[in-house]
Structure formats: C-alpha cells, structure tokens
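Written out below as structure tokens is the structure these notes cover.
Protein chains in written order, with the working numbering: chain A, 131 to 488; chain B, 131 to 488.
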C-alpha cells in the first residue's frame, strides 16, 4: 500500500496496461485519483477517444512508462463533484478533459495562456502530481482535474463527437491559429488520420485554402469530403511543382524517417512554417541548413493547446459543423482499438464507451 | 573562346581559384562581366571581405563549383559607370554589393521585399545569369550588377568597414528584425565570429538583451566588448539553467555535428525561434520532434537579406556605431585569408584591399 492511499476519498476503476509486451491486453484495476482539492472537479466518464499517444506510451515506444497505466486523454462525461472554489462548473454539467490535468499556475507560460507549455505540467496519465499522486487516464470510470483543465462542452456537440477534439482537435487547432491560418493563406495538412482529419476541417473553418498531403491515394475522397481544396500524393518528386506555394504546413504524420521533410519544406513560401504535431518514437530525417535557408523556412513543433484555444475550438466546431469521424467501441475493446491505431486502420478515431460502473 | 565573349565590352582581372584541391593558391585571371544592360552599374572595387561561403565554395565543400571561380561578395568601391535607366547612383558614388547580383524581378518574393528568396536569384559568384553570362566575385578589380543589388554606403562608414556588413552583417540583421529582436526580448547569439560579432552588435543596437553563446571561453572579453549582457560557454549541461529563457537565437556557428542544437532549442521561451544562418557542408545533428514540441519552438533558416533591410542595417550601423572588427590584407594574400577563415583564426573578418589595376 503506497503512502498516499490514506488521502484517497474514492476508488475508481479503469482499463490498465500492466506490461508493455502485452500492451493490447488491458485489465480492469481499481485506482485512487489525486487528493481532492478546492479547485478540483470529478467527472463521471462516458466516452474516451483513443490517441496515438496512448499507443506510444503503452508499447514503451516513448520512454518512461509507469505501470500499471490507464491511458486515455480525450475524455467526456458529466460533472459529479466540484470543489468549493470551482466557479466554472456545477454538478451535472457536460465537461471534458484533454491531455493535461495540471500546471504550476505561476510561471510565464501559465499566465500568458500557454499553460500547455508549463515546464511543470502534469499530463493526464502516466504522470505524477508534485505530491506524488498518480494521474491515470480516461479508459476508466471517472477523472479528477483542476477546473482550468476541464472544458465545458457546447450543447451543439455530442459528447462522443467532442471527445477526440480534446486532444486530436486541439493539437491541430492551436498551431493553425498561432501561425495565421485564415483567409488568403494556403495551408497544407500532412497525414489524413486522427489529427489530420480535424486539421483539414479546422483550417477550412478558419477560412484557409487547404491542400491535403497523403502517401495514400485512396484517402483522396475523404480529404475532399473533409473540405480540402486540393489533394497531393507525397510520392517521388511531388514537391517539384509546388515550390514556394504553401504558407503553413501542419504535419500530423506519426512516422519518423517516412516524413518527406526536405520536400515539404521546399513547398513553403518565404518564411513559411512547417509544424510537427506528432511525436514519433524516433528522430526526424536528417536536415541540412540549406533546406531551411533557401526559403527562410521554419520547422516548428506544437504541443496540444491552451484552455483559451480549446474553448475557441469547440465553439468553432459547433458553429461550422466540424465533425469527428469516429468508430465507437465498448471500453472493454480498448486493446483492439489500440491495435487499430497502431496499424493505422482506424478511420479516423476510435471512441470508447464506458462499460464499467464507477 | 566562349559564345558570349562577343558581347563583352570590358575585361577585368580577379584572383581565381582554379582547382578545389589547391583552393588557397589563387591566380590572377582576366574575366568578362555580364553583358551591360540599362539598369547595370559598374563598381571599381576597393575592398572585399572574406566570407565563410568563399571557403565552402572554393574547397568544394558545397557542391557545384564552376571553375575558375573568383570568390568574394562583400564588395565596396566607387561607381564608374551607370546604365541609362539607373536612378539611384551616379558615377563617383560610394557603393557596395553583397551576396546577390540579380533576381527575376517578377515573382512574389521580388515584389514583397524578399528578393533574397527569389527562386531565380543570381549569386554574386559561382553563378550564371539566365543568358549564360558568368557571375564572378569581388576578389577582383570591378563588379557589375543591377542597381537593385547595389547599396549606397552612408558617409559615416568607411568602405572597408562597410564591406563585411554587406554579407555577414545583413545575414544576421535580417533574421533579427524579421523575428522581433528589440526591447524586452532576450536574444541569444551562437558563435562569435564574422557573423556573430555583428549579430551581438546589431541585436544590442535594436534594443534587445543579448546573450552570447560560444564554445570558446576566451571569447568572453570580446563578446562583452561587443555589447553582450551575458556570456555562456556551451559546454556540457550549459542549457540546464536556461530552460525557456531566450526568445530568439541566431545561430552563426558554421559547423554541423558540433552545434548543441537540442540544448539550444531547450533554452527558448514558448514559441521561441532558433535561426540558422550558416550553411555547414554537412547535415545538422539529428532532431527529435519532442525537441520542438516541448516548448513549441521553431528552427528556422535565413538567407542574407533584402535591399530594404540592407539600407536599414547600414543606417543603423552608422547611427549606433556598429563596428566591423577587421584584419586588412592585400588582395594577393587572399589564399592566406581563406585559410584563416577555414581554421577559424580570424578575429573577426578579413578584408582584402585591391592591389591590381582594373
């Protein structure tokens, strides 16, 4: 029994990976959430999306997994308890949690709507709070988080539709708005998957012209349906006729060596930007200074988004009818979903429906 | 006799490299400039700086050298002839030419003060004009260029002082101003050499707080004299205490594997930028997405600067007393100067004084 169990006020259940070699064999375990504090909110989970991060974590692709781990950070449900200082939510509200559950609240990033870059951020799962409490994710019956990291879900969105937006959607929305996606801009979206299918829709909703890049010709119909103005297969020499024509690229492809990085950079207009939002296990392809200098290009990275951006994204999704393409599974099929994400067969996001009682 | 010699109206002399294996043994050769056109200006050269690009080119470190090559693109002298449509210069004016002598004048970059990113740009040497005329550089008696690529030298600046600013100075000034160097910003300058010694001065002249990064502790005195507020030796673990503290980095270090890229990126504030301005022969160190995503950082490149920026830079240099640290040599010692740049012993720029007659 760990030293902090004495502070536990509840026991919840979740589907946990207990061995990275058997990452698709999840088992229901009991767990204790963080100690309840004044700004905390408990949400009874109804749905949780399955993100590429879940796969990287449970397979050990990313270093530092703490077992057992309950994955999941695209969480929606209803508020069942609020701390005495909570002002934004009341019991019964529809609410969600994304990939972050805490930050220091004191640093420059925290005070400039950049809490998603707080150096002391606590991720939603596979993470520890400063007091040692373990954060477990949304393949579970409930989650507890500080209200800053809880998002109200607009009435226009179903909870299952909203779930994948809270990580996949926000991860592409933030770099789109921070890098000027809008009318008059040509935005390239690389990779038509969980993130990419949102990126096309949000770029379009923001008013940009959208070019979808994929190595899979069969994704053209989906890309055009999602709102792309143009579809480009990233085969040999694809960038030749596109030099200097794209203002911003959001690269969602979750591969390393497979990204045609130099070609993509060559398509950028002067001082254009290519933003990586996936975190493949391995390094990116080697880059030569010349590939950045020729057009004054930028290669950037972006990590989820701020609460301010999450609220704006959900509002835009509600207004413009941005749609999550989901395949729903009962939560007991989490292993099947993880496999579908790993082998890239999902179109485009699994959402798990909770099937165990709190 | 080549097909375009019939159009030659003059013959000039220059110090040429004729063999990349003997890159420090330059020989005086005769050469013909491009065909004289209506917007062209002839400058009788007095001084030419020695740039790292000269070394990369003549050693064959960069691919595609066309021999014989007369290097040099930090050129100052006096106008001796102007075409009938030239409006900005008259015979006798003090003038200079940097690393570019032509562009297409028609594309979006050319029409948005980004002619330094024109896809059809003609470099000052080791380059061909669209009509096949060869561009030779400033280790020579004279140069011919379209007036858009000729810069008037303010009276406050000596020609020998102005020379190195036309490539080294502009190459750092442009990314400084394009990326917001100014009051309230912390700007890191990596590498205290030909480019870096200008970068420190220009960043300071623009009002930024300046942190000089060098792997050579013995450069501290120079860095502080140049205006740095802080000096950091880039040894093991140097970035540990600097996480998130630098808004913009200009990396002038002309090495590949030796750049502590991941550490430098970690010092950036949220959405901060690290701009590479050197073009080492080899690829940059491998980069992992996580190194960009953790703080939403950008790795960028920048190529010289526009004429608009060149004029603003020369004005700022004149107003703020930015000083070129130069070692003057007669032009016949060009080989010695190239060696001094290659082995990094120059402090901080060689300027060659013309010693042959036009």
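We put the beta carbon where it would ideally sit given N, CA and C, even for glycine.
For clarity, every value in this text was computed on a predicted model and none was experimentally measured.
* Ends of the alpha helix (DSSP H) at residue 354 of chain B? -> Stepping through the second chain from its first residue, residue 354 of chain B is reached at position 224. 350-356 is the span of the alpha helix (DSSP H), which, as asked, contains residue 354 of chain B.
* Asked: Do the segment 363-377 of chain B and the segment 406-420 of chain B meet, that is, are 3 or more Cβ pairs less than 8 angstroms apart?
  -> no
* Going by the C-beta, is residue 302 of chain B closer than 6 angstroms to any heavy atom of the ligand ZN? -> Because no ligand of any kind appears in the structure shown, any question about the ligand ZN cannot be addressed here.
* Could you work out which residue in A:225, A:359, A:211 and A:467 is closest to residue 183 of chain A when comparing CA atoms only? => In the first chain, residue 183 of chain A corresponds to position 53, counting from 1. Comparing Cα-Cα distances from residue 183 of chain A to each of A:225, A:359, A:211 and A:467, the minimum goes to A:467.
* Asked: Among all the DSSP beta bridges, which residues are the ones paired with residue 142 of chain B?
  -> What you label residue 142 of chain B is simply residue 12 of the second chain in a count that begins at 1. According to DSSP, which records beta bridges pairwise, residue 142 of chain B is partnered with B:161.
* To do: Compare the C-beta of residue 247 of chain A against all C-beta atoms of chain B and say whether one is closer than 7 angstroms.
  => Taking the first chain and counting its residues from 1, the one referred to as residue 247 of chain A is at position 117. At least one chain B Cβ lies under 7 angstroms of residue 247 of chain A.
* Would you say residue 472 of chain B faces chain A, with C-beta separation under 7 angstroms as the test? -> On the second chain, residue 472 of chain B is found 342 positions in, with the first residue counted as 1. No, because no Cβ of chain A sits closer than 7 angstroms to the Cβ of residue 472 of chain B.
* **Beta-carbon gap between residue 296 of chain B and residue 226 of chain B smaller than 7 angstroms** => Taking the first residue of the second chain as position 1, residue 296 of chain B is located at position 166. Taking the first residue of the second chain as position 1, residue 226 of chain B is located at position 96. Yes.
* According to DSSP, is residue 196 of chain A helix, strand or coil? -> Sequence index remark: in the first chain, residue 196 of chain A carries index 66 (1-based). DSSP places residue 196 of chain A in the coil class of the three-state scheme, outside both helix and strand.
* What residue ranges within the segment 188-237 of chain B form continuous beta strand (DSSP E) runs of no fewer than 3 residues, ordered along the chain? -> 205-212, 224-227 and 230-232
* chain A within 7 angstroms of residue 499 of chain B, Cβ atoms only -> Past the edges of chain B, shown from 131 to 488, lies residue 499 of chain B, and the structure says nothing about it.
* What is the residue span of the alpha helix (DSSP H) that residue 303 of chain A lies within? -> Position 173 of the first chain, counting from 1, holds the residue named residue 303 of chain A. Under the DSSP assignment, residue 303 of chain A falls in the alpha helix (DSSP H) whose first and last residues are 298-308.
* **When A:185, A:487 and A:288 are compared against residue 152 of chain A, the one with the closest alpha-carbon** => Here the question's residue 152 of chain A lines up with position 22 in the first chain. Ranked by Cα distance from residue 152 of chain A, the first of A:185, A:487 and A:288 is A:185.
* Asked: Touch check for the segment 252-260 of chain A and the segment 442-451 of chain A: three-plus C-beta pairs under 8 angstroms?
  -> no
* **Endpoints, beta strand (DSSP E) assigned at residue 281 of chain A** => By 1-based counting over the first chain, the position of residue 281 of chain A is 151. Run containing residue 281 of chain A: 280-282, per the beta strand (DSSP E) assignment.
* **chain A contacts made by the segment 218-245 of chain B, where a contact means CB separation under 7 angstroms** => Listed by position along the chain: 239 and 244.
* Asked: Is residue 271 of chain A buried or exposed, if buried means 16 or more other CB atoms sit within 10 Å of its CB?
  -> Start at 1 with the first residue of the first chain, and residue 271 of chain A comes out as number 141. Residue 271 of chain A is buried by the Cβ-count criterion.
* State buried or exposed for residue 197 of chain B, treating a residue as buried only when at least 16 other CB atoms are found within 10 Å of its CB. => Looking up residue 197 of chain B in the second chain gives position 67. Taking all protein chains shown into account, residue 197 of chain B has fewer than 16 neighbouring C-beta atoms within 10 Å of its C-beta and is therefore exposed.
* Paired residues, beta bridge with residue 430 of chain B - DSSP -> By one-based count along the second chain, residue 430 of chain B stands at place 300. According to DSSP, which records beta bridges pairwise, residue 430 of chain B is partnered with A:428 and B:405.
* Asked: Between the segment 306-325 of chain A and the segment 336-351 of chain A, do at least 3 Cβ pairs fall closer than 8 angstroms?
  -> Yes: at least three Cβ pairs fall under 8 angstroms.
* Asked: So, helix, strand or coil for residue 295 of chain A, using DSSP?
  -> Position 165 of the first chain holds residue 295 of chain A. Residue 295 of chain A falls in the helix class under three-state DSSP.
* Using Cβ-Cβ distances below 9 angstroms, what residues of the segment 417-443 of chain A are close to chain B? -> 417, 418, 419, 420, 421, 422, 423, 424, 425, 426, 427, 428, 429, 430, 431, 432 and 433
* Would a C-beta distance cut-off of 7 angstroms place residue 187 of chain A and residue 180 of chain A closer than the cut-off? -> On the first chain, position 57 is the one that residue 187 of chain A refers to. On the first chain, position 50 is the one that residue 180 of chain A refers to. Cβ atoms of residue 187 of chain A and residue 180 of chain A: not closer than 7 angstroms.
* Could you check how far apart the C-beta atoms of residue 231 of chain B and residue 276 of chain B are, in whole angstroms? I think they sit under 8 angstroms. => Sequence index remark: in the second chain, residue 231 of chain B carries index 101 (1-based). Sequence index remark: in the second chain, residue 276 of chain B carries index 146 (1-based). With a Cβ gap of about 7 angstroms, residue 231 of chain B and residue 276 of chain B count as contacting.
* Within chain B, partners of residue 406 of chain A - CB distance below 7 angstroms -> Against the first chain, residue 406 of chain A aligns to sequence position 276. Result: 419, 422 and 423.
* Given residue 154 of chain B, which residues of its chain have a CB within under 6 angstroms of its CB, disregarding the five upstream and five downstream residues? -> Here residue 154 of chain B refers to the residue found at position 24 when the second chain is read from its first residue. Scanning its chain for C-beta atoms nearer than 6 angstroms, with the 5 sequence neighbours on each side dropped, one finds around residue 154 of chain B the residues 465, 468 and 469, in chain order.
* List the residues of chain A that residue 156 of chain B touches, going by C-beta distances under 8 angstroms, in chain order. => Within the second chain, numbered from 1, the residue matching residue 156 of chain B stands at position 26. Simply none; closest approach about 26 angstroms.
* CA-CA distance, residue 284 of chain A and residue 453 of chain A? -> The residue given as residue 284 of chain A occupies position 154 in the first chain. The residue given as residue 453 of chain A occupies position 323 in the first chain. When rounded, the distance between both Cα atoms is 14 angstroms.
* To do: Determine the direct distance from the alpha carbon of residue 410 of chain A to that of residue 372 of chain A, and round the result to whole angstroms.
  => Mapped onto the first chain, residue 372 of chain A falls at position 242. Mapped onto the first chain, residue 410 of chain A falls at position 280. Each residue's alpha carbon lies about 26 angstroms from the other.
* Go ahead and pull the three-state DSSP assignment for residue 461 of chain B. => For this step, residue 461 of chain B is matched to residue 331 along the second chain. Of the three classes helix, strand and coil, the one that applies to residue 461 of chain B here is helix, per DSSP.
* Residue from A:191, A:486, A:140 and A:440 with nearest C-alpha to residue 298 of chain A -> If you number the first chain from 1, residue 298 of chain A lands on position 168. Ranking the options by Cα distance to residue 298 of chain A, first place goes to A:440.
* Give the range of the beta strand (DSSP E) segment to which residue 315 of chain B is assigned. => Here residue 315 of chain B is taken as the residue at index 185 of the second chain, counted from 1. Note, residue 315 of chain B: premise wrong, no beta strand (DSSP E); not H, not E.
* Report the three-state DSSP secondary structure of residue 378 of chain A (helix, strand or coil). => The sequence position of residue 378 of chain A within the first chain is 248, counting from 1. Note: residue 378 of chain A maps to strand in three-state DSSP.
* Contact check, residue 167 of chain B vs residue 207 of chain B, beta carbons under 7 angstroms -> As a first step, residue 167 of chain B is located in the second chain; it is residue number 37 there, counting from the start. As a first step, residue 207 of chain B is located in the second chain; it is residue number 77 there, counting from the start. No, they are not a contact pair.
* Min CB distance residue 414 of chain B to chain A below 7 angstroms -> For the purposes of this step, residue 414 of chain B is identified with residue 284 of the second chain, where counting begins at 1. Judged by the 7 angstroms Cβ criterion, residue 414 of chain B is in contact with chain A.
* Distance, residue 248 of chain B Cα to residue 377 of chain A Cα -> Here residue 377 of chain A is taken as the residue at index 247 of the first chain, counted from 1. Here residue 248 of chain B is taken as the residue at index 118 of the second chain, counted from 1. About 16 angstroms.
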